[in-house]
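Notes follow once the structure below has been shown.
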Amino acid sequence: MTTTDTFELLQPYRVADETFVIPWALEAPPVGHFPMNSMVIRGAEPVLVDTGAPAVRSQWLEAAWSVVDPLDVRWIFLTHDDRDHAGNLLAALAECPNATLLTTWFSIGRMAEEWETPVNRCRFMIDGDTVDIGDRTLVAKRPPLYDNPTTRSLFDSKTRVLWAVDTFATNVPTPLPDVAGLSDEEFRDGQYFGGRLVSPWVALLDDRKFRAVVDDFQGLGAEVVAGCHTPVLHGSRVAAAFDLLRQLPGVPAWTEFTQADLDRWMEMAETSVPPEQPRPSAT
Ligand SMILES: [Fe+2]
Ligand SMILES: [Fe+2]
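Residue 145 is where the sequence shown starts when you use our numbering, and the numbers rise one by one after that.
Spelled out as structure tokens, the structure:
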């Protein structure tokens with residue numbers, strides 16, 4: 145385990161009492177990096193919040209078990225079935241035989257394309273549902289932005305930590321533990337970019353209706369916001385992120401990278417990489 149001072153990918157760090165983010169990130173040229181986090185709540189009944197990406201399965205499992213003994217894990221809260229959140233679900237279920245999976249009917253169905261989720265270990269937790277986990281109550285809530293219809297965020301009423309899932313997604317110049325490490329411009333631009341990337345439909349929204357949804361989400365009273373694709377938000381950056389989120393329907397849509405961009409990147413790569421050596425002839 146580490147602290148924000150000794151931040152390293154796949155080294156869990158504490159963000160609130162008994163609450164740890166497992167950080168990971170993907171390089172995303174030309175916009176920097178995108179965080180790919182998950183979280184562990186180590187209370188009376190420990191909870192995995194999402195299960196990380198399959199690309200780093202063994203390292204992710206090792207990181208999770210550095211926070212909590214897998215035999216002690218009582219709950220796995222799956223926000224939705226996207227690969228970056230559900231990628232190690234079967235491995236986590238196998239290594240946590242005492243855990244109940246908090247999911248939804250539609251997530252189970254969507255994952256059936258790839259695997260059969262053990263329904264006898266599931267409990268449905270839809271938007272608005274709560275679960276008592278011994279020393280705290282967790283609330284599931286659909287966040288304002290999402291890229292999968294099954295998405296629910298998770299609010300811990302004891303620590304006031306909100307796991308915002310894909311809302312507040314941002315690119316970062318380099319992986320970092322807390323958005324305090326971003327300038328005001330980087331923070332604003334990242335929130336605008338990530339929000340429109342994850343949910344391009346935000347441009348279609350009725351401004352007034354969306355504001356009401358954001359107000360309701362902010363009304364949970366989160367003091368710390370963690371998410372899959374953002375460094376952790378504390379203090380004034382929490383309110384600032386909600387304010388930026390409210391602006392999104394009015395921000396012009398992000399223009400996707402085109403084939404011309406890809407051609408240019410390939411050209412640059414070709415000129416910067418030594419020419420390929422001739423392959424040995426097949427015998
Ligand atoms: Fe997603
Ligand atoms: Fe995601």
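Built from N, CA and C at the ideal position, the CB exists for glycine as well.
Predicted model only: the values in this text are computed from it and were never measured.
Quick one: Cα of residue i to Cα of residue j, how far?
{"i": "Phe151", "j": "Gln203", "result": "16 Å"}
{"i": "Leu326", "j": "Ala384", "result": "13 Å"}
{"i": "Glu414", "j": "Thr402", "result": "19 Å"}
{"i": "Ser251", "j": "Asp359", "result": "27 Å"}
{"i": "Trp249", "j": "Ala160", "result": "31 Å"}
{"i": "Ala356", "j": "Gly363", "result": "10 Å"}
{"i": "Ser380", "j": "Arg304", "result": "15 Å"}
{"i": "Cys266", "j": "Asp273", "result": "14 Å"}
{"i": "Gln335", "j": "Lys302", "result": "27 Å"}
{"i": "Pro375", "j": "Leu282", "result": "22 Å"}
{"i": "Ala243", "j": "Ile277", "result": "12 Å"}
{"i": "Glu329", "j": "Arg352", "result": "26 Å"}
{"i": "Thr261", "j": "Ile220", "result": "13 Å"}
{"i": "Val165", "j": "Arg408", "result": "37 Å"}
{"i": "Arg254", "j": "Ser416", "result": "42 Å"}
{"i": "Leu153", "j": "Gly176", "result": "15 Å"}
Using a threshold of 8 Å, state whether the C-beta atoms of residue i and residue j are closer than that.
{"i": "Leu192", "j": "Ala207", "result": "no"}
{"i": "Thr223", "j": "Arg296", "result": "yes"}
{"i": "His429", "j": "Asp310", "result": "Nothing about residue 429 can be read from this structure; the chain reaches only from 145 to 427."}
{"i": "Leu237", "j": "Met269", "result": "no"}
{"i": "Thr216", "j": "Pro174", "result": "As written in the sequence, residue 216 is Asp, which differs from the Thr given in the question. No, the pair does not count as a contact, with Cβ atoms beyond the cut-off."}
{"i": "Pro156", "j": "Val184", "result": "yes"}
{"i": "Trp307", "j": "Leu320", "result": "no"}
{"i": "Thr318", "j": "Phe337", "result": "no"}
{"i": "Ala230", "j": "Leu205", "result": "no"}
{"i": "Trp168", "j": "Gly187", "result": "no"}
{"i": "Thr148", "j": "Asp225", "result": "no"}
{"i": "Leu377", "j": "Phe312", "result": "yes"}
For residue i, which beta-bridge partners are listed by DSSP?
{"i": "Cys266", "result": "Leu245"}
{"i": "Trp307", "result": "Leu298, Ala370"}
{"i": "Val376", "result": "Asp322"}
{"i": "Trp219", "result": "Val191, Thr244"}
{"i": "Pro282", "result": "The sequence given here places Leu at residue 282; Pro does not occur at that position. The partner list for Leu282 (beta bridge, DSSP) reads Val275, Asp300."}
{"i": "Arg158", "result": "Phe164"}
{"i": "Thr146", "result": "Tyr157"}
According to the neighbour-count rule (16 or more other Cβ atoms, all chains shown, within 10 Å of its Cβ), is residue i buried or exposed?
{"i": "Met410", "result": "exposed"}
{"i": "Thr427", "result": "Confidence in Thr427 is poor, its pLDDT being 42 and thus under 50, which makes the residue's placement too unreliable to answer from."}
{"i": "Ala366", "result": "buried"}
{"i": "Thr506", "result": "Outside the modelled stretch of the chain, which goes from 145 to 427, sits residue 506, for which no answer is possible."}
{"i": "Asp450", "result": "Lying outside 145 to 427, the shown extent of the chain, residue 450 is not represented and no answer is given."}
{"i": "Lys285", "result": "buried"}
{"i": "Arg340", "result": "buried"}
{"i": "Leu233", "result": "buried"}
{"i": "Ala370", "result": "buried"}
{"i": "Trp194", "result": "Rather than Trp, the amino acid found at residue 194 in this sequence is Asp. Buried, since its Cβ has 16 or more Cβ neighbours within 10 Å."}
When you measure from the CB of residue i to every non-hydrogen atom of ligand 4, does any distance come out below 7 Å?
{"i": "His229", "result": "Ligands displayed in this structure: ligand 1 and ligand 2; ligand 4 is not among them."}
Discussion item. Does the contact criterion of 3 or more C-beta pairs under 8 Å hold for the stretch 212-220 versus the stretch 169-182?
Written reply: The stretch 212-220 makes no contact with the stretch 169-182, as fewer than three CB pairs between them are under 8 Å.
Worksheet item: Are three or more beta carbon pairs between the stretch 282-295 and the stretch 334-349 nearer than 8 Å?
Response: Yes, the stretch 282-295 is in contact with the stretch 334-349.
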